[in-house]
Amino acid sequence: MWIATSVLAVLLLFALFPAFFAGLFGNGDPRACDLAHSAEGPAPGHPFGYDLQGCDIWANSVYGAQSSITVGFLATAIALGIALTLGTLSGLGGRVVDWIVQRVTEVFLGFPFLLAAIVVLNTLGARNVWTVSLVLGVFGWPTMARLMRASVRSVRHSEYVLAARTMGLRLPRIIKRYVLPNAIQPVFVLATISIGMVIVAESTLTYLGIGLSSPAISWGLQIAAGSRIFQTAPHVLVLPSVMLALTVLSVVAIGEELRSAFDPRERR
Amino acid sequence: MKIALAVAQRLAGFALVFLGVTFVIYWSVFSLPGDPIQALAGDRQLPDSVVAALTEAYMLDEPVGVQYLHFLSGLVHGDLGVDLSGRAIAPQLASRWPVTITLALTAWTIQVVLGLSIGIVSALRHGKTIDRVLLVTTIGASCIPVFVLAIMGQLLFGVRLGWFPVAGTSAGWPLSYILPSLVIAVFGLASVSRLVRSSIIENLGAEYVRTARAKGVGERRVIGLHVMRNSLIPTATYLATDLGFLLGGTVVIEGIFNLPGVGNLLFQAIRTHEAAMVAAISTALIVIFLVTTLLVDVLHTLLDPRIRRG
Chain A
122 MWIATSVLAV LLLFALFPAF FAGLFGNGDP RACDLAHSAE GPAPGHPFGY
172 DLQGCDIWAN SVYGAQSSIT VGFLATAIAL GIALTLGTLS GLGGRVVDWI
222 VQRVTEVFLG FPFLLAAIVV LNTLGARNVW TVSLVLGVFG WPTMARLMRA
272 SVRSVRHSEY VLAARTMGLR LPRIIKRYVL PNAIQPVFVL ATISIGMVIV
322 AESTLTYLGI GLSSPAISWG LQIAAGSRIF QTAPHVLVLP SVMLALTVLS
372 VVAIGEELRS AFDPRERR
Chain B
222 MKIALAVAQR LAGFALVFLG VTFVIYWSVF SLPGDPIQAL AGDRQLPDSV
272 VAALTEAYML DEPVGVQYLH FLSGLVHGDL GVDLSGRAIA PQLASRWPVT
322 ITLALTAWTI QVVLGLSIGI VSALRHGKTI DRVLLVTTIG ASCIPVFVLA
372 IMGQLLFGVR LGWFPVAGTS AGWPLSYILP SLVIAVFGLA SVSRLVRSSI
422 IENLGAEYVR TARAKGVGER RVIGLHVMRN SLIPTATYLA TDLGFLLGGT
472 VVIEGIFNLP GVGNLLFQAI RTHEAAMVAA ISTALIVIFL VTTLLVDVLH
522 TLLDPRIRRG
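Next comes the structure, spelled out in structure tokens:
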């Protein structure tokens, strides 16, 4: 647990102060590239070598943390927002509302994600951190919404909600004070894990050529570029892949830890 | 009577979701920027008469609603239409499905076998070293993006060791399919094995297990019959959903290993604005999704008598 937390803390620091960490080995500018060193291995001042364009791999990977982590948090926040709203609506609303919301959720679940991503990103025109997060968030909520609905339903008939209703409290207040705090836990855990999944999804989209595009700097772009020359220069792939896997792993580990902390069955 | 109502409600829901998704897909492809006819011709300048003829033939100047209705009526008659090069879509799909189905089933089998074994072992030894090691390994493996895993697999087993072909399907089943299936399976392994693990652990402490033991039932029978049967309900649900997902084709894996499957075709079709092709494949995907959802419900009822009675 503390390993995961500290890994994540380091990566967050990378994302917040990329200039400082990128410069640790003396060559901190990710865009200072020298084609003469294309795809060369480690050298003094360049501990992880150069990529195909002759850019420093370390500096690029540090700056890459920024976009990956931003997308991870932003997209999850969007998805969480939608999921909480619709899940609560569906869980508390009448049968008709519930039926409609459930069908909408199924439409989003069944929609081919790739098509959605291509259409939305092409329509918006720009493929940057904001638009990619928007797409990942808007199509990432159905699972969370279903969990929220189930969770709200289990709280809905509990005695404290009944008591609050008997006291004549208004609905918004009941939702805010009694329903949400008690129903939100499992969704929150899923959201933590989903940060990791979103980061993977971003890099996959980018790898397919429909996510972020240069001049943005991201792990997905680095890996995509590296995978084209992986037979001759596998070292280009290593650092961005390891950093990506570490980020996801630490986020998921924290999520798992939270889950077993909240889960009474595992506490026995 | 109550059952009939529930079934009717269910079917109405299916029809609505089906129509909703296919329409949104149609509308999305329609609203993609770019001109499909010009994409067909590349840089050449097409004569106006040809453009007019193509526009007429594919009804490209009709509003999206009319095109969609035309597509639906074709679907009802079992006609998937033709793509922009004039080839019928159905036979193209028919040649792609076997690849995707083979890949999905191979990957799924690996996932079931490995996932169940890992889950059972770690549940019976839970809290011990082997449990922790298995947990960390499977979660760790599922955190590496599939394309990284795929590329590394190609590099190690295809190029360096030469055990499996790097790409393509020329070596046939199983050789060509093992590497891509393994990559897919490794990705989903953590979810399956954790689900098996936690439900077995939960059931091990259940009262009926204590009763069975108190009756003097042998340990093997307690685990095999009482615990396993109850633990497999959530797992079966998950695995059914997962199979549906895999049958939809995995664009990334099919792309990296150059397997001519459905996912690959869908990706190309989106890029070349083949509205009819995209609609046909997506329709198939929706049908798979809806059928799996239904199967999961049926499976649930069959496996768990409590749901049937409640």
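Residue numbers (this note's numbering), protein chains in the order written: chain A, 122 to 389; chain B, 222 to 531.
Cβ atoms here follow ideal geometry from the backbone N, Cα and C, with glycine treated the same way.
Please read all numbers here as calculations on a predicted model, not as lab measurements.
#1: So, helix, strand or coil for VAL303 of chain B, using DSSP?
#2: Excluding the 5 residues preceding and the 5 following SER397 of chain B in the sequence, name in chain order all residues of the same chain whose CB lies nearer than 6 Å to its CB.
#3: Check whether the Cβ of VAL245 of chain B lies closer than 8 Å to any Cβ atom in chain A.
#4: Flag this pair as yes or no: are the beta carbons of SER420 of chain B and ILE339 of chain B separated by less than 8 Å?
#5: Can you give me the start and stop residues for the alpha helix (DSSP H) that PHE383 of chain A sits inside?
#6: Does THR350 of chain B pass the burial test, meaning 16 or more other C-beta atoms within 10 Å, or should it be called exposed?
#7: Is the beta carbon of ASN249 of chain A closer than 8 Å to that of ALA337 of chain A?
#8: Could you tell me which of A:ILE350, A:ALA200, A:LEU360 sits nearest to MET265 of chain A, measuring between CA atoms?
#9: DSSP three-state call for ASP282 of chain B: helix, strand or coil?
#10: Give the interface partners of GLY234 of chain B over in chain A, defined as CB-CB distance under 7 Å, in chain order.
#11: Look up ALA309 of chain B in the DSSP assignment and say whether it is helix, strand or coil.
#12: Mind pulling the chain B residues with CB within less than 8 Å of SER275 of chain A?
#13: Taking C-beta pairs closer than 9 Å, name the residues in chain A that PRO386 of chain B reaches, listed in chain order.
#14: Within a Cβ cutoff of 8 Å, which residues of the same chain sit near GLY214 of chain A, ignoring the five residues on either side of it in sequence?
#15: For GLU280 of chain A, which of A:VAL363, A:ILE295, A:VAL256 has the nearest alpha-carbon?
#16: Answer with buried or exposed for VAL512 of chain B, where buried requires no fewer than 16 other C-beta atoms within 10 angstroms of its C-beta.
#17: Just grab the DSSP bridge partners of TYR171 of chain A for me.
#18: Between the C-alpha atoms of LEU236 of chain A and VAL218 of chain A, what's the straight-line distance to the nearest angstrom?
#19: Decide if VAL297 of chain B is buried, meaning its Cβ has at least 16 other Cβ atoms within 10 Å, or exposed.
#20: Let me see if you follow: with CB-CB separation under 8 Å, is SER348 of chain A close to chain B or not?
#21: Hey, would you say LEU326 of chain A sits closer than 8 Å to GLY317 of chain A, going by beta carbons?
#22: Leaving aside the five residues before and after GLY531 of chain B along the sequence, list all residues of the same chain whose C-beta is less than 6 Å from its C-beta, in chain order.
#23: Does the beta carbon of ILE322 of chain B come closer than 8 Å to any beta carbon on chain A?
#24: Using a 10 Å radius around the Cβ and a threshold of 16 neighbouring Cβ atoms, would you call TYR171 of chain A buried or exposed?
#25: In the structure shown, what three-state DSSP assignment does PHE292 of chain B receive?
#26: Which of the three DSSP states, helix, strand or coil, is assigned to GLY246 of chain A?
#27: Do the CB positions of HIS447 of chain B and ALA433 of chain B come within less than 8 Å of each other?
#28: Taking 8 Å as the threshold (C-beta atoms), are SER362 of chain A and VAL128 of chain A in contact?
#29: Where does the unbroken alpha helix (DSSP H) through SER391 of chain B begin, and where does it stop?
#30: Taking only three categories from DSSP, how would you classify CYS154 of chain A?
#31: Give me the subset of the region 467 to 499 of chain B whose CB atoms are less than 9 Å from a CB atom of chain A, sorted by chain position.
#32: Check the Cβ of SER249 of chain B against every Cβ in chain A and list those closer than 8 Å, keeping chain order.
#33: How many Å lie between VAL380 of chain B and TYR328 of chain A at the Cα?
#34: Can you check whether the C-beta of ALA186 of chain A is within less than 8 Å of a C-beta belonging to chain B?
#35: Could you check the C-alpha separation between TRP384 of chain B and VAL228 of chain A for me, to the nearest Å?
#36: Would you mind telling me which residues of chain A sit closer than 8 Å to VAL238 of chain B, beta carbon to beta carbon, in chain order?
Taking the definition as stated:
#1: Here VAL303 of chain B sits in strand by DSSP.
#2: Excluding residues within five positions, the ones whose Cβ falls inside 6 Å are PRO386, THR390.
#3: Judged by the 8 Å Cβ criterion, VAL245 of chain B is in contact with chain A.
#4: No, they are not a contact pair.
#5: Unbroken alpha helix (DSSP H) run through PHE383 of chain A: 356 to 383.
#6: When all chains shown are included, THR350 of chain B counts as exposed.
#7: Their beta carbons are under 8 Å apart, which means ALA337 of chain A touches ASN249 of chain A by this criterion.
#8: Distances from the alpha-carbon of MET265 of chain A to those of A:ILE350, A:ALA200, A:LEU360 put A:ALA200 closest.
#9: In the structure shown, ASP282 of chain B sits in coil (DSSP, three-state: anything other than H, G, I, E or B).
#10: Within chain A, the residues near GLY234 of chain B are ARG224.
#11: Note: ALA309 of chain B maps to strand in three-state DSSP.
#12: Chain B residues near SER275 of chain A: none, gap ~15 Å exceeds 8 Å.
#13: The premise fails here: PRO386 of chain B is roughly 15 Å from chain A at the closest Cβ pair, so nothing lies under 9 Å.
#14: Close CB contacts of GLY214 of chain A within its chain, under the 8 Å cut and outside five residues either way in sequence, are with VAL222 (chain order).
#15: For GLU280 of chain A, the nearest C-alpha among the options comes from A:ILE295.
#16: Exposed, because fewer than 16 other Cβ atoms sit within 10 Å of the Cβ of VAL512 of chain B.
#17: DSSP, once it has assigned bridges, lists A:ASP177 as partnering TYR171 of chain A.
#18: Between the C-alpha atoms of LEU236 of chain A and VAL218 of chain A there is a straight-line separation of about 28 Å.
#19: So VAL297 of chain B counts as exposed.
#20: Interface flag for SER348 of chain A against chain B is set, since a Cβ pair is found closer than 8 Å.
#21: Note that the C-beta distance between LEU326 of chain A and GLY317 of chain A is not below 8 Å.
#22: Note that GLY531 of chain B has pLDDT 46, beneath the 50 cutoff, so the model's placement of it is unreliable and the number below is only indicative. Within the same chain, GLY531 of chain B has no close Cβ partners at all.
#23: No, no contact with chain A.
#24: Its Cβ being crowded by 16 or more others within 10 Å, TYR171 of chain A is buried.
#25: Here PHE292 of chain B sits in helix by DSSP.
#26: In the structure shown, GLY246 of chain A sits in coil (DSSP, three-state: anything other than H, G, I, E or B).
#27: Cβ distance < 8 Å, so HIS447 of chain B and ALA433 of chain B count as in contact.
#28: Cβ distance not < 8 Å, so VAL128 of chain A and SER362 of chain A don't count as in contact.
#29: Looking at the DSSP string, SER391 of chain B is not in any alpha helix (DSSP H), and its letter there is neither H nor E.
#30: Reduced to three states, the DSSP call for CYS154 of chain A is coil.
#31: Taking 9 Å as the Cβ-Cβ cut-off against chain A, the residues of the region 467 to 499 of chain B that qualify are GLY469, VAL472, VAL473, GLY476, ILE477, GLY484, LEU487, PHE488, ILE491, ARG492, VAL499.
#32: Neighbours of SER249 of chain B on chain A, chain order: LEU236, ALA237, VAL240.
#33: The alpha-carbon atoms of VAL380 of chain B and TYR328 of chain A are separated by roughly 21 Å.
#34: Answer no: the Cβ-Cβ gap between ALA186 of chain A and chain B never drops below 8 Å.
#35: Straight-line Cα distance between these residues: approximately 42 Å.
#36: The contacting residues are ARG224, GLU227, VAL228, GLY231.
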